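Okay, so the sequence shown: first residue is 1 according to UniProt numbering, each after it adds one.
Just so it is clear, CB atoms sit at the ideal spot from N, CA and C, and this is done for glycine as well.
Here the structure is a predicted model, which means the values were calculated and not measured.
Here the structure comes first, spelled out in C-alpha cells, and everything after it is commentary.
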Amino acid sequence: MTTYKELYQSWQADPEGFWLDAARAIDWVVPPEKALSQTADGGHEWFADAMVNTCWNAVDRHVEAGRGAQTAIIYDSPVTDTIAEITFAELQTRVALLAGALQQKGITKGDRVILYMPMVPEALIAMLACARIGAIHSVVFGGFASQELATRIDDATPKAILAASCGIEPGRIVHYKPLLDGAISMANHKPDFCLILQREQERATLEDNRDFDWYEAQEGATPADCVPVEGTHPAYILYTSGTTGQPKGVVRPTAGQLVALSWSMRNIYDVHPGDVFWAASDVGWVVGHSYICYGPLINGNTTVLFEGKPVGTPDAGTFWRVISQHKVRSFFTAPTAFRAVKRADPKGELLKDYDLSVLKYVFLAGERADPDTIQWAEEKTGKPVIDHWWQTETSWSIAANPAGVELLPVKPGSPTVPMPGYDIRVLDEAGLPVAPGTLGAIVVRLPLPPSCFTTIWNAHDRFISSYMSQFPGYYETGDAGMIDADGYVYIMARTDDIINVAGHRLSTGSIEEVVAGHPDVAECAVIGAADTLKGQVPVGLVCLNAGVTRDPAEISAELVRLVRDKIGPVASFRHATVVERLPKTRSGKILRGTMVNIADGQTPRIPATIEDPVVLEEIKLALHALGFAQPGA
C-alpha cells in the first residue's frame with residue numbers, strides 16, 4: 001500500500017481479509033482461520049478460533065530471533081535521579097520469574113490481579129507476567145484513594161494485588177501502602193495475598209500472612225512458560241477515569257489487541273524494530289497499556305518509561321532532555337503536557353540545549369489538541385505535530401494521520417482521517433446523517449475493529465445501554481464534531497459540552513480555539529453555564545503564560561472581543577476570567593463537567609481521578625465573581 005486512500009479502500013473492500021493479513025505480524029500458537037465472528041447476542045469478536053500469548057509476542061520472540069541484547073525498556077526517573085536499561089533477555093528472565101512466583105502462589109489463567117504501581121519497571125514486568133500465565137490484570141493508578149481502589153477490588157475480585165510501598169511526586173512521597181490497606185479493609189472481597197515492592201524512599205510495614213516482599217516471594221520460584229489463551233481471552237480490565245460509584249471496567253480481548261497495536265506501531269507511528277518510542281503517560285491509563293507497555297514491545301521497539309512531570313522535574317526542558325538523551329524517534333504526549341511546557345517556557349528557550357535531530361514525529365492525544373498548541377510545538381521543535389483521536393474503549397486510534405503509510409497534510413484542530421476498521425459517521429439527534437461541516441454526534445458503524453472493547457466487566461447490559469443503544473448499529477463515542485468535505489474528522493467537544501445559546505447549538509471547543517489563540521493564554525476551558533434568559537452562556541477560564549504581567553481584566557476584555565470577531569455575537573461570549581490553574585484528572589483531562597456543576601450552583605461530581613481537589617474552590621471563587629456558582633442557580 002502506498003497511499004492512505006488505497007489502504008482504507010482495501011479495508012473497506014475486504015475487512016476480514018485486511019485484518020487476517022495484519023495478523024501475520026503476530027506469532028500464533030493456533031493461527032486464526034476466521035477473522036470476525038458473531039456472538040449469540042448479536043455482538044462481534046475477532047480471532048475467536050486462535051490461540052496465542054501476549055508475553056511471547058512482546059518479549060520471548062525477540063529473544064528467540066537473536067535480539068535479546070537490544071534494550072527493551074529505558075527507565076528514566078528524574079524524581080529519583082535514576083536511569084536504567086533492561087534488555088529483552090533480561091526482561092524475559094524477570095517476567096518469567098515473577099510469573100512463576102505468581103503461579104506458585106496459586107494464580108492461574110483467568111484469575112484477576114490488581115496492580116497498584118508507580119512508573120517503575122516492575123509495573124511493566126507485572127503486566128507482562130500476568131499476560132504470560134493468562135491472568136487478567138487490572139492496573140489502578142498508583143495513589144488512588146482507598147475508596148476508589150476498594151470499588152475496583154470488589155468489581156474485579158482479584159486473587160492478588162501487586163503494589164509498591166510508595167510513589168514519588170516532585171517534593172513529596174505518596175504513601176501507597178496505607179491506601180492499599182485501607183482499600184482492602186473497606187472492600188467486601190479480600191485478595192489471597194499481596195506482593196509489595198519496597199522502594200528505598202519508603203519501606204512499608206507488611207501484614208502477616210497476607211503481604212510478601214516482591215523479591216523475596218520470587219526466591220526459589222520456577223520461571224513460568226507462556227500459557228496459550230483463546231483469542232477472545234481478556235488481556236486486562238481497565239476502569240475508565242472519572243468513574244464514581246460503580247466502576248466501569250473496559251475489557252480488552254487478547255488477540256485483537258496484539259493485531260491492532262502491532263499494525264498501529266508501524267502504520268500510524270512509523271516505528272520499526274529497534275527504534276526508540278516514548279509515550280509520556282502513566283501505566284494507569286490506556287496510553288500506558290497500549291503505548292508504554294504492549295504496542296512498542298510487540299513491535300520490537302525500545303520503550304521509554306518516564307517517572308516525572310513535563311515541568312518541575314526539574315524544569316520545562318525535561319521532555320527535550322529525554323528525547324535527546326535516549327534518541328527518541330516517535331514521541332507521544334497529551335496536549336495538556338505541551339500547554340504546561342508552553343506556559344512555563346513560552347519562547348522555548350530550554351529547547352536550545354538539546355539535539356532533537358533523531359526525533360521524527362510528535363503525536364498528541366488524550367484531549368482535544370487546540371491549533372495554537374499544535375502550532376507552538378511545530379514552531380519550537382521543527383517537527384510534524386500530529387493530533388490523533390482514540391479512547392479507553394478502543395485502545396488505539398479511531399482517527400489519525402498514518403505516518404507510516406503516508407503523512408497527510410495536517411489541518412490544525414483535526415486528528416485527520418478514519419483509520420481502517422473505523423467507519424465514522426456524524427449524526428443528528430434523530431440519528432440521521434448530517435452534511436459535511438455540520439456539527440453532530442460522532443459514531444462508528446459496527447462492528448468495531450480488533451482491540452476495541454467487547455464488554456464491561458460484570459456489566460454487559462451496561463455496555464449495551466451506555467454505548468450501543470442511542471444509535472442502533474453504531475458505537476456512540478460520546479464525542480461531538482464534524483467531518484469536512486475532504487473527509488477530515490474534527491472532535492469539537494464531548495457531547496455534553498455542546499451548549500444551546502438562545503436556540504443556537506455551539507461547540508465549546510470552537511470557542512476555546514479562539515481563546516487559546518490569544519498570545520498571553522497558556523491554556524483555557526470554555527464551559528456552558530445556565531442562564532435564565534438564553535438557556536446557556538459560554539464562560540471562559542484562562543491560565544496565562546509565565547511572565548505575563550498585564551491586567552487580567554484587560555486580557556479578559558480582549559478575549560470577549562476576539563470571540564465576537566471570530567465567531568460572532570451569536571456566541572454570547574461575555575464572561576472570561578483569569579485563573580491560576582484548571583482542575584484536571586491525573587491524565588491531564590480538564591474537568592469541564594465538574595466546572596459546569598459549580599457554575600450552575602450544584603454540588604459538583606468530583607471524579608476520583610482529580611489531580612488536586614483544592615483547585616475546585618479556586619474555580620468556585622472565580623465563577624462567583626462573574627455572577628455564577630450561586631447555590632440553587
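Other residues of its chain near residue 648: CB distance less than 7 Å, five sequence neighbours each side excluded:
The displayed coordinates of the chain run from 1 to 633. Any statement about residue 648 would go beyond what the structure contains.
Shortest alpha-carbon distance to Val227 belongs to which of Tyr269, Glu349, Asp461 and Ala99?
As a working mapping, residue 227 is identified with position 227 in the sequence shown. Answer by Cα proximity: Ala99.
Range of the contiguous beta strand (DSSP E) that encloses Ala622:
The residue given as residue 622 occupies position 622 in the sequence shown. Counting along the chain, Ala622 falls outside any beta strand (DSSP E), though it belongs to the alpha helix (DSSP H) covering Val614 to Ala625.
Rounded C-alpha distance that separates Asp531 from Leu626
By one-based count along the sequence shown, residue 531 stands at place 531. By one-based count along the sequence shown, residue 626 stands at place 626. Approximately 13 Å, taken between the alpha carbons.
Please return the same chain residues whose Cβ sits closer than 6 Å to the Cβ of Leu582, not counting the five positions on each side in sequence.
Counted from its first residue, the sequence shown places residue 582 at position 582. Once the five neighbours on either side are set aside, the close Cβ partners of Leu582 are Ala525 and Ile590.
For Gln630: DSSP bridge partner residues:
Position 630 of the sequence shown, counting from 1, holds the residue named residue 630. DSSP output for Gln630 lists no bridge partner at all.
Within the continuous beta strand (DSSP E) that includes Arg494, where are the two ends?
Position 494 of the sequence shown, counted from the first residue, corresponds to residue 494. Val489 to Arg494 is the extent of the beta strand (DSSP E) around Arg494.
Nearest to Leu102 by alpha carbon, out of Leu432, Thr87 and Gly134?
Numbered from 1 along the sequence shown, position 102 holds the residue referred to as residue 102. When each option's Cα is compared against that of Leu102, the closest is Gly134.
Does DSSP put Ser165 in a helix, a strand or coil?
Here residue 165 refers to the residue found at position 165 when the sequence shown is read from its first residue. It is coil, neither helix nor strand.
Please report the residue range of the alpha helix (DSSP H) in which Ser556 lies.
Counted from its first residue, the sequence shown places residue 556 at position 556. Note, Ser556: alpha helix (DSSP H), Pro552 to Lys566.
Put Phe88 into one of helix, strand or coil per three-state DSSP.
For the purposes of this step, residue 88 is identified with residue 88 of the sequence shown, where counting begins at 1. Phe88: helix per DSSP, three-state reduction.
Taking Cβ to Cβ, would you say Phe277 is nearer than 9 Å to Thr318?
Counted from its first residue, the sequence shown places residue 277 at position 277. Counted from its first residue, the sequence shown places residue 318 at position 318. No.
When you compare each of Ala35, Glu45, Met186 and Glu230 to residue 709 by their alpha carbons, which one comes out closest?
Because the chain spans 1 through 633 in this model, residue 709 falls outside it and cannot be assessed.
Coil, strand or helix - Thr243 by DSSP:
Numbered from its first residue, the sequence shown carries residue 243 at position 243. Interpretation of Thr243 is limited by its pLDDT of 37, a score under 50 that renders its predicted location unreliable; the figure taken from the coordinates is listed afterwards. Coil at Thr243, not helix or strand.
Does the beta-carbon of Thr244 have 16 or more other beta-carbons within 10 angstroms, so that it is buried, or is it exposed?
Numbered from 1 along the sequence shown, position 244 holds the residue referred to as residue 244. Because the pLDDT of Thr244 is 39, which lies under 50, any placement of that residue in the model is unreliable, and the number read from its coordinates should be weighed accordingly. Exposed, since its Cβ has fewer than 16 Cβ neighbours within 10 Å.
Locate the alpha helix (DSSP H) running through Thr336, then write down its first and last residues.
As a first step, residue 336 must be located in the sequence shown, where it is residue number 336. Its alpha helix (DSSP H) spans residues Pro335 to Ala344.
Give the DSSP bridge partners of Gln38, in chain order.
Here residue 38 refers to the residue found at position 38 of the sequence shown. In DSSP, Gln38 forms a bridge with His44.
Rounded C-alpha distance that separates Tyr8 from Ala334
Residue mapping note: residue 8 aligns to position 8 of the sequence shown, counting from 1. Residue mapping note: residue 334 aligns to position 334 of the sequence shown, counting from 1. Linking Tyr8 to Ala334 through their CA atoms gives a straight-line distance of about 27 Å.
To the nearest angstrom, how far is it from the Cα of Ile374 to the Cα of Ile386?
To locate residue 374, count along the sequence shown from 1; it is residue 374. To locate residue 386, count along the sequence shown from 1; it is residue 386. Computed Cα separation, rounded: 8 Å.
Measuring CB to CB, does Lys159 end up less than 9 Å from Ile107?
Here residue 159 refers to the residue found at position 159 when the sequence shown is read from its first residue. Here residue 107 refers to the residue found at position 107 when the sequence shown is read from its first residue. Yes; because the gap between Cβ atoms is below 9 Å, this pair is in contact.
Would a C-beta distance cut-off of 9 Å place Arg252 and Tyr236 closer than the cut-off?
As a first step, residue 252 is located in the sequence shown; it is residue number 252 there, counting from the start. As a first step, residue 236 is located in the sequence shown; it is residue number 236 there, counting from the start. For Arg252 and Tyr236, yes; Cβs fall inside 9 Å.
In angstroms, rounded to a whole number, what distance separates the CA positions of Cys166 and Gly431?
Within the sequence shown, the letter at position 166 stands for residue 166. Within the sequence shown, the letter at position 431 stands for residue 431. Taking the straight line from one Cα to the other gives about 49 Å.
Does DSSP classify Phe319 as helix, strand or coil?
For the purposes of this step, residue 319 is taken as the residue at position 319 of the sequence shown. In the structure shown, the three-state DSSP call for Phe319 is helix.
Cβ shell of Ala599 (< 7 Å), same chain only, five flanking positions each side left out:
Taking the first residue of the sequence shown as position 1, residue 599 is located at position 599. Once the five neighbours on either side are set aside, the close Cβ partners of Ala599 are Ile527, Ala529, Val539, Leu623, Phe628 and Ala629.
Residue 647 and Tyr4 closer than 9 Å at C-beta:
Any property of residue 647 remains undetermined from this structure, which presents the chain solely from 1 to 633.
According to the Cβ coordinates, are residue 634 and Ala576 closer than 9 Å?
Beyond the ends of the chain as shown, which are 1 and 633, falls residue 634; an answer cannot be given.
If you drop the 5 nearest sequence neighbours on each side, which residues of the same chain put their C-beta closer than 7 Å to that of Val415?
One-based indexing of the sequence shown puts residue 415 at position 415. Checking the sequence, you will find Pro at residue 415 rather than Val. Taken in chain order, the residues that qualify are Asp387, His388, Trp389, Ala399, Ala400, Val489 and Ile491.
Shortest alpha-carbon distance to Asp565 belongs to which of Val30, Val514 and Leu544?
Position 565 of the sequence shown holds residue 565. Comparing Cα positions, the closest option is Val514.
Does the pairing of the stretch 26 to 37 with the stretch 53 to 70 give three or more beta-carbon distances under 8 Å?
yes
So for Asn401, helix, strand or coil by DSSP?
Locating residue 401 in the sequence shown gives position 401, where the first residue counts as 1. Asn401 carries a coil assignment under DSSP once its states are collapsed to helix, strand and coil.
Which partner residues does Met51 have in the DSSP bridge list?
Within the sequence shown, numbered from 1, the residue matching residue 51 stands at position 51. Paired residue(s): Val30 and Glu230.
So is Ser469 buried or exposed if we call it buried at 16+ other beta carbons inside 10 Å?
Walking along the sequence shown from the start, residue 469 turns up at place 469. It is exposed - the Cβ of Ser469 has fewer than 16 other Cβ atoms within 10 Å.
Assumed close pair Lys360, Lys383 - CB separation to whole angstroms, cut-off 8 Å:
Taking the first residue of the sequence shown as position 1, residue 360 is located at position 360. Taking the first residue of the sequence shown as position 1, residue 383 is located at position 383. Indeed they touch by this definition, with Cβ atoms about 7 Å apart.
Between which two residues does the alpha helix (DSSP H) containing Asp486 stretch?
The residue you call residue 486 lines up with position 486 of the sequence shown. DSSP places Asp486 in no alpha helix (DSSP H); its state is neither H nor E.
If you measure between the beta carbons of Ser138 and Val113, is that distance less than 9 Å?
The residue given as residue 138 occupies position 138 in the sequence shown. The residue given as residue 113 occupies position 113 in the sequence shown. Remark: C-beta atoms of Ser138 and Val113 approach each other more closely than 9 Å.
Asp370 versus Asp155 - alpha carbon distance
The count along the sequence shown starts at 1 and reaches residue 370 at position 370. The count along the sequence shown starts at 1 and reaches residue 155 at position 155. If I take the Cα positions, the gap works out to 37 Å.
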